[in-house]
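Asker:
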Amino acid sequence: MKKFIFIITILFILPKNLYSQAIRKNYLEMTDSEKLELQNAFYQMRDLDNDNGANDPDTDDDDLMNDLGDFHLNFFNFDGTATPDALDIHLNLANAAVLSEPEREIFFAWHRVMIFELEQMMQNYFPNISIPYWDSTQEVGYDNATVVNEINNTIFTEDFLGPFNADWGLNRNVGGRANELPNTDEINTAMSNTVFFSFSNEAERGRAHAGVHRWIGGVMPTSASSRDPVFYLHHAFVDKLWHDWQLNPANEPSAYHPDRVNMLRYDGTYSFYGTTHPSIDPDDVIDSKVYGTFYAENQLATLEDYTVSNTYKAIENFYYQFTINAGNNFNIPANTSCKFESVNEVILSPGFTAEEGSVFTAKIDSDNDINTSARGASQKGVYNPYDYNPNVQEIIFEETSLSVNDVTIIYSFPNPFKDHITLNFNQNVQNCKVEIYNMMSMVIREETYSNVSTINFAGLNNLMNGTYLLKVVDLDTDKPIIIRRFIKL
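Going by UniProt numbering, 218 is the number at position 218 of the sequence shown; the sequence numbering is gapless.
1) Return the residue from the list V212, P258, M191 that minimises the CA-CA distance to L247.
2) My output table needs one value for Y232: the three-state DSSP class, helix, strand or coil.
3) Classify K313 as helix, strand or coil using the three-state DSSP reduction.
4) Just tell me which of I455, K418, N438 has its CA closest to the CA of C432.
5) Does DSSP classify F197 as helix, strand or coil?
6) What would DSSP say about D474, mapped onto helix, strand or coil?
7) Could you give the residue range of the alpha helix (DSSP H) that holds R214?
8) Let me make sure I understand the geometry here. Which of N165, V261, H235, E252 has the alpha-carbon closest to that of G217?
9) Considering only C-alpha positions, which residue in the set A314, V472, Y291, A86 is nearest to I436?
10) Leaving out the 5 sequence neighbours to the left and right, which residues in its chain are closer than 6 Å to residue 543 when beta-carbon positions are compared?
11) Compute the distance between the beta-carbons of H72 and S226, then report whether it is under 9 Å.
12) Could you tell me the boundaries of the beta strand (DSSP E) in which Y27 lies?
13) Out of H420, P385, P182, point me to the one whose CA is closest to V219's CA.
14) Alpha carbon to alpha carbon, how far is T146 from A210?
15) Looking at C-alpha atoms only, which residue of D143, G206, G274, S279 is the closest neighbour of R265?
16) The alpha helix (DSSP H) that contains F108, what's its start and end?
17) Ignore the nearest five residues each way along the sequence and tell me which others in E447's own chain have a CB closer than 8 Å to its CB.
18) On the three-state DSSP scale, how would you describe G69?
19) Quick one: Cα of V238 to Cα of A208, how far?
20) How about L118 and M30: do their beta carbons lie closer than 9 Å?
21) Taking 8 Å as the limit between beta carbons, can you name the residues of its chain near E355, skipping five residues before and five after?
22) Does the Cβ of Y295 have 16 or more other Cβ atoms within 10 Å, making it buried, or fewer, making it exposed?
23) Let me know if K479 comes out buried or exposed under the rule of 16 or more other beta-carbons within 10 Å of its beta-carbon.
24) Can you grab the Cα-Cα spacing for the pair L233 / H420, in whole Å?
25) Compare the Cα-Cα distances from F126 to each of E158, T194, N74, F42 and report the closest residue.
26) Answer with buried or exposed for I483, where buried requires no fewer than 16 other C-beta atoms within 10 angstroms of its C-beta.
27) Any heavy atom of the ligand PLP inside 8 Å of the beta-carbon of T477?
28) From L161, D474, V148, pick the residue whose C-alpha is nearest to that of G176; which is it?
29) Look up D267 in the DSSP assignment and give the residues it is bridged to.
30) As a quick exercise: from I315, G292, L303, E345, pick the residue whose alpha carbon is nearest that of N328.
31) Considering only their Cβ atoms, is the gap separating S412 from N428 smaller than 9 Å?
32) So who's on the other strand from T467, going by DSSP bridges?
33) What is the DSSP secondary structure of Q138, reduced to helix, strand or coil?
34) Quick check: the Cα distance between N193 and E252, rounded to an integer number of angstroms?
35) So, is T222 buried or exposed, given that buried needs 16 or more other C-beta atoms within 10 angstroms?
36) Between T372 and S342, what straight-line distance do the alpha-carbon atoms span, to the nearest angstrom?
Okay, here's the thing in structure tokens:
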């Protein structure tokens with residue numbers, strides 16, 4: 001049964017379309033109207049001023065999707081490049097024999113702010129939407145074909161994220177690489193780490209994060225992955241995992257970056273669309289409620305331990321079609337404004353406070369219409385493919401050593417290396433290619449070999465000091481025999 005509550009104290013007139021926080025929900029819990037709004041919002045992010053580039057000095061100066069995509073690409077990881085010590089976003093924690101750089105680790109925090117930046121811009125146009133999450137967890141032994149069919153009929157439909165593949169040239173290959181989605185055991189193993197850096201490292205490199213990128217294909221397994229809208233649904237789930245990990249009192253205290261006071265893009269110097277982003281300390285966004293973000297699950301959004309501040313929007317607006325339950329120290333102080341809107345039920349539990357002089361509204365959206373002016377509107381489809389970048393290759397998040405045609409690697413040395421790497425196999429390799437990647441996943445050296453059991457990959461003295469990935473591919477099967485990380489000294 002629907003419950004309706006309406007409380008309001010009018011103090012002042014609020015500007016139109018300048019409000020929203022976020023109840024992020026599983027995309028399966030979105031209304032049809034929300035899906036259409038989100039689809040239109042992603043298209044809107046490519047052209048913020050609605051002029052199709054006609055009046056722009058630079059056609060990309062109001063394209064937030066492209067700006068975020070380029071930034072994510074350009075600062076993905078600098079190991080093995082000409083500037084290996086430059087700050088970057090990914091792969092800054094230990095793996096096998098590679099040194100750890102915890103003071104540089106911003107994977108979770110940076111993506112949390114990135115999602116919030118996009119979400120806030122979207123809410124300027126469509127106030128009630130939020131970035132939903134895609135829980136990609138599958139049961140152990142899942143059938144890949146069944147999951148592909150499910151995702152194609154839910155996420156990649158014509159009224160949701162399907163059209164972007166052709167419109168933006170994303171080249172998805174959904175499920176083309178089977179067994180890449182995380183299962184419940186893998187998620188539980190990652191979540192069982194009580195030390196933050198261990199949790200972050202396993203989550204980033206494992207299937208919970210990297211596997212999903214590979215499973216979608218196209219741009220998703222590359223450093224340009226954030227050009228695909230499904231990136232944000234995936235990373236909203238990754239962010240939820242961090243949020244859920246924080247709730248476990250057994251996990252370590254939440255101060256992870258004592259030597260960091262800001263992050264790339266969010267350092268007080270970067271500007272986009274006429275606005276300079278503030279300087280953000282990664283330790284200041286450890287709690288997702290800093291941004292008024294709550295995660296709903298199983299048809300329930302619990303809003304607690306939060307004080308409305310209107311820091312980012314004139315009204316903090318929380319929309320969810322199922323039950324919204326606010327209490328346990330949810331406070332709306334005087335001179336602040338807050339709105340709850342549900343299709344079904346709003347509950348105000350003990351501990352909910354709306355102080356005298358505040359503005360609070362609780363509403364049932366009885367016609368399931370999150371934006372009357374846009375309800376039933378035609379899709380804002382834009383054929384606007386991204387520029388092709390031939391240097392963007394698939395990111396290699398973890399090492400592998402496989403048996404292909406009964407060929408396996410026996411030794412690879414030295415590591416660290418100075419001018420050469422030697423590879424010994426258990427038998428002759430008929431046809432293979434050896435590639436060396438920098439940590440931006442760009443191939444910087446490759447050679448082919450035939451009928452060899454030992455390869456001496458020489459002439460590496462000119463490489464910059466840093467971390468590299470060496471990949472040996474069997475050319476007869478196009479499968480990797482080895483992917484291994486090496487350090488150049």
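Backbone N, C-alpha and C define an ideal beta-carbon position, used for all residues, glycine too.
Answerer: Based on what the coordinates show:
1) Taking only the C-alpha atoms, the option nearest L247 is M191.
2) Here Y232 sits in helix by DSSP.
3) Assigned with DSSP and collapsed to three states, K313 falls in coil, not helix or strand.
4) Of the candidates I455, K418, N438, I455 places its Cα closest to the Cα of C432.
5) F197: helix per DSSP, three-state reduction.
6) Strand at D474.
7) That run of the alpha helix (DSSP H) goes 212-216.
8) Closest in C-alpha terms to G217, from the list N165, V261, H235, E252, comes N165.
9) V472 is the residue among A314, V472, Y291, A86 whose C-alpha sits nearest the C-alpha of I436.
10) No answer is possible for residue 543: it lies beyond the span of the chain, which begins at 1 and ends at 489.
11) Cβ atoms of H72 and S226: closer than 9 Å.
12) That residue, Y27, is in no beta strand (DSSP E); it is neither H nor E in DSSP.
13) Comparing Cα positions, the closest option is P385.
14) Taking the straight line joining both Cα atoms gives about 21 Å.
15) Per the C-alpha coordinates, the member of D143, G206, G274, S279 positioned closest to R265 is S279.
16) Segment 107-123, the alpha helix (DSSP H) holding F108.
17) Excluding its 5 nearest sequence neighbours in each direction, E447 has C-beta neighbours in its own chain below 8 Å: K433, V434, F457, listed in chain order.
18) Helix.
19) Near 7 Å, if we compare the C-alpha coordinates of A208 and V238.
20) Their beta carbons are not under 9 Å apart, which means L118 does not touch M30 by this criterion.
21) Cβ within range, chain order: N331, I332, P333, A334.
22) Flag for Y295 reads buried.
23) K479 should be labelled exposed.
24) Taken atom to atom, the span from the alpha-carbon of L233 to that of H420 is near 42 Å.
25) Out of E158, T194, N74, F42, F42 has the C-alpha closest to the C-alpha of F126.
26) Residue burial annotation: I483 is buried, with at least 16 other C-beta atoms found within 10 angstroms of its C-beta.
27) Judged by which ligands are present, the structure shown has none, so any question about the ligand PLP falls away.
28) Looking only at L161, D474, V148, the smallest Cα-Cα distance to G176 is reached by V148.
29) Bridge partners of D267: S279.
30) With distances taken between CA atoms, N328 lies nearest to L303 out of I315, G292, L303, E345.
31) Not closer than 9 Å, so no.
32) In DSSP, T467 forms a bridge with I487.
33) Residue state, collapsed to three classes: strand.
34) Cα to Cα, N193 sits roughly 10 Å from E252.
35) Its Cβ being crowded by 16 or more others within 10 Å, T222 is buried.
36) In this predicted model, T372 has a pLDDT of only 42, less than 50, meaning its place in the structure is not dependable; the value taken from the coordinates is given anyway. Cα-Cα distance, rounded: 15 Å.
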